[in-house]
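Accompanying notes for the structure given below.
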Amino acid sequence: MGGNAMSWSVKGHFRANKLFIAMSLLLSAPYVSAQTASVAEGVEGKQATRQAVDLDGVTVSAQRLEESTPIELAKYGNRLQVIEGEEIARRSFVDLAQTLQQMAPALFLMPKSGAFDYVYPSLEGSRSGEILWLVDGVRINNRLYSTTTPLDTIPASMIERVEILEGGQGLFYGTQAVAGVVNVITKATLSTGTDGQLSIGADSNEGRHLSGNVRTAIGPHQFVAYASSDQADGYQAFHKDDYQPSGTDRERGYDVTTAGLKYAINSERVRVSAGYQKTDATLDYAAPNLERVYYNKRTEDLANVKLDWESSESFGFYVKGYYHSWHSYINRLRNVIGSPGAVVVYRDNVFWGYEDYGLNAMAKLAPGNGFEYYLGYDYQNYSGKDESLLIAEQEEEVHALFGQVRMTPDVVEGLALSAGVRHNAPKHGENATIWNVSGQYDVNENLFFRATGGTAYRLPDAEELFGIDPCCTQGNPGLQAEESRNLNASVGGYFDIGQRSASWELVGFARKVDNLIAGVVDPVTEVETYQNTSDSTKVNGFLATTTLPIAESLTVTASYTKTDAKANGRQIDRIPESSAKLMLDFAPPESNFGGSLIATYAGETTQTTSLGAKTYGQYWLLDLSGYLLFGDDGKHRLSGRVENLTDKLYITNVLRTVPDSGGAPYLARNIGSPRTFYLTYSYAF
């Protein structure tokens, strides 16, 4: 939950605004015309990489303006990785966090207590609140607490692909895109035909996993439906020596159900699309003492409706309305020390949550003279409450205008440049203006240089703006945004090993965040008030990555990240000084089987507590996975994975804990997933 609590009221015009956004999009459809989009996947080779984006041999292209934005940004110097849904399914990952932990080179991510739990992420040395998370382009970052990660209810089965844009991306994506953007694309529509898949799986943490999806097209109408259910009793989340007798709820489990629908209709030049996704979840919260029962009951709704219009090859436009509702209820039953069997109700359906809605619009003008022009508008409105703490009843809204100019390689062969600016006007706090420049130069087919630099920002969250608890925390509606300057630069290239192409890239990154928002304690009242401080964070580091086909059936992908992330002269909490990933992929040509061995390394990591600093990390984890296709046209698939192959005991977090006897407090150690076996059967139709 993130410690403190708050409450905002939702204004009376809330429902009317949401309805207006949706209706305005739908009513505008008859007056314009657009173009059916397509997604082409699986293109391999150097030319595809230069024309779209280097994705370790995978290229994704799209014609619609919003969906093509990451691909287009990659052509102009922004580093992008795409992880395909098929790669995820063949490795039996059950949630998004497991996928990113294993397969995203620049992103360090550590789940606290296994699948469907909070995570500790760092993208190129970032703090957790400096990454923007999206589902189908809709932001899902927690509006109450910017550091509370939103990945604990995203199953792997619904993913079509994951797009990871690195570096400051505030120009197009707004607040919190300080270090990058992670966009989860759910199951995509088909232009023709019908297909689908049913899956059933289990794991050795007494887990059960069911999922299915179906997609069809009837004339210009396209439909998608998907659903999943993931349940597990879990494992003991703390080191066995750190539990107190009063801590009887020791296995951290989950029960997550997700269902979604998508619809689109296409004419020659218009596409109107809509999507809705609902998640119901019960998520245990692990604790080493006192708790008999401790869980969050979660309900989450995501909806969007969008109009795409392409009047010609030189002009395109889209407008999109979205709504995100995130409601969670805390339930805690505590054991009474010294009274065996006695229980006290500590929390009974205590609410914390928020609602977030808005509108995005962008137009593209490409007159054909070697320059392209983009102009956009972004509106965000969010409100919420946390009943554990008194917070002023408020809502926040932000208006933003942004624009970008791009110079295509038609002007100078091999050179693509862009420059843009964004102005943000929040209802509370001061306005913020940011800028970005980027470019890529292809020296030849084997060597390229690319870079992006500029500024980004993070707006205050609700806790920082509106907290009014007289004993503990005071918000500050006059807070300014945190501001950052960032630079990413890289050199990379390609070479042949036999008949196959290899790639390499060396990336340097630097970032400084000023105007940091922090709690400052009044020495007289001892009340903490959020203020913009003179403190700053400085991040410098590099990423080295390569993909090498060492045999016809074997490919090695390796990455190493070194990070110097300092605040007040010391390494920032939960950002490892180094991390590495190594994947050996076995895929014989034209075969019906394959497998992977993935090794991940977490370097030295520090966490500061009231009992001092605790250092952990410096360990390797191994995952082994494989799959077999059989039956008619390989429609049947059996896939399996062994997580933490060597059963390594490793720390993911520490928590201040008081002994039942009342002695000196100590640090209890969260431990990561033990060796866990996953097995999944899937049938495609």
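FYI, the numbering for the sequence shown is -34 to -1, 1 to 651, going by mature numbering (1 follows the signal peptide of the UniProt record, and there is no 0).
Glycine included, C-beta positions come from ideal geometry on N, C-alpha and C.
In this text the structure is predicted, and so the values were computed from the model without any measurement.
Nearest-angstrom Cβ-Cβ length linking residue i and residue j, presumed shorter than 8 Å
i	j	result
residue 507	residue 90	7 Å
residue 287	residue 301	Incorrect: roughly 48 Å between the Cβ atoms, too far for contact.
residue 450	residue 477	6 Å
residue 216	residue 593	That belief does not hold up - the Cβ atoms of residue 216 and residue 593 are roughly 34 Å apart, past 8 Å.
residue 621	residue 636	7 Å
residue 213	residue 256	6 Å
residue 395	residue 443	7 Å
residue 170	residue 178	Not quite, the Cβ-Cβ distance comes to about 23 Å (not below 8 Å), so this is no contact.
residue 663	residue 546	Any answer about residue 663 is impossible in this case: the structure gives the chain only from -34 up to 651.
residue 448	residue 397	Not quite, the Cβ-Cβ distance comes to about 14 Å (not below 8 Å), so this is no contact.
residue 469	residue 513	5 Å
residue 163	residue 648	6 Å
residue 150	residue 180	Going by Cβ atoms, the distance from residue 150 to residue 180 rounds to 20 Å, so no, they are not a contact pair.
Run of the beta strand (DSSP E) containing residue i, from where it starts to where it stops
i	result
residue 388	381 to 392
residue 261	257 to 278
residue 69	Careful: residue 69 lies outside any beta strand (DSSP E), inside the alpha helix (DSSP H) at 62 to 69.
residue 204	That residue, residue 204, is in no beta strand (DSSP E); it is neither H nor E in DSSP.
residue 41	No beta strand (DSSP E) contains residue 41, which is instead part of the alpha helix (DSSP H) from 31 to 41.
residue 422	413 to 424
residue 482	That residue, residue 482, is in no beta strand (DSSP E); it is neither H nor E in DSSP.
residue 651	Residue 651 -> no beta strand (DSSP E), and no H or E assigned at all.
residue 350	337 to 352
residue 149	146 to 152
residue 75	73 to 77
residue 515	503 to 515
residue 247	236 to 250
residue 400	398 to 410
residue 461	448 to 463
residue 570	Per DSSP, residue 570 belongs to no beta strand (DSSP E) and is neither H nor E.
residue 281	281 to 301
Best match in the options for proximity to residue i [C-alpha to C-alpha]
i	options	result
residue 175	60, 69, 425	60
residue 137	260, 579, 295, 423	423
residue 200	293, 471, 78	78
residue 530	42, 47, 88	88
residue 312	131, 116, 296, 347	296
residue 641	202, 49, 36	202
residue 542	549, 548, 552, 527	527
residue 353	332, 366, 337, 294	294
residue 220	250, 372, 245	250
residue 248	512, 390, 315, 483	315
residue 209	254, 556, 525	254
residue 299	574, 258, 289	258
residue 113	186, 408, 484	484
residue 607	438, 48, 58, 49	58
residue 533	363, 505, 417, 290	505
residue 578	632, 245, 377	632
Interface flag, residue i vs chain B, CB-CB below 8 Å
i	result
residue 155	No chain B is part of this structure, which consists of one protein chain only.
Three-state secondary structure assigned by DSSP to residue i
i	result
residue 432	helix
residue 122	helix
residue 166	strand
residue 138	helix
residue 658	Outside the shown range of the chain (-34 to 651) lies residue 658, about which nothing can therefore be said.
residue 208	helix
residue 100	strand
residue 94	helix
residue 173	strand
residue 626	coil
residue 599	helix
residue 87	strand
residue 47	strand
residue 442	coil
residue 215	coil
residue 613	coil
residue 81	coil
Residue i - containing alpha helix (DSSP H), residue span
i	result
residue 125	That residue, residue 125, is in no alpha helix (DSSP H); its beta strand (DSSP E) goes 125 to 132.
residue 53	51 to 56
*asked:* Is it the case that the region 401 to 411 contacts the region 372 to 388, given that we only count it when at least three CB pairs across the two stretches are under 8 Å?
replied: yes
_Given 8 Å, three or more beta-carbon pairs between the region 106 to 126 and the region 191 to 205_ = yes
_I want to know whether the region 134 to 151 touches the region 94 to 106 - three or more CB-CB distances under 8 Å._
yes
*asked:* Can you confirm whether the region 224 to 237 touches the region 65 to 84 when touching is taken to mean that 3 or more C-beta pairs between the two stretches lie within less than 8 Å?
replied: no
*Inspect the CB distances between the region 413 to 429 and the region 462 to 469 and report whether three or more fall short of 8 Å.*
no
_Segment contact flag, the region 276 to 295 with the region 313 to 332, C-beta cutoff 8 Å, min 3 pairs_ = A contact exists between the region 276 to 295 and the region 313 to 332.
*With a cut-off of 8 Å, do at least 3 Cβ pairs link the region 181 to 193 to the region 151 to 162?*
yes
*Inter-stretch contact (C-beta, 8 Å, three-pair minimum) for the region 482 to 492 and the region 512 to 522*: no
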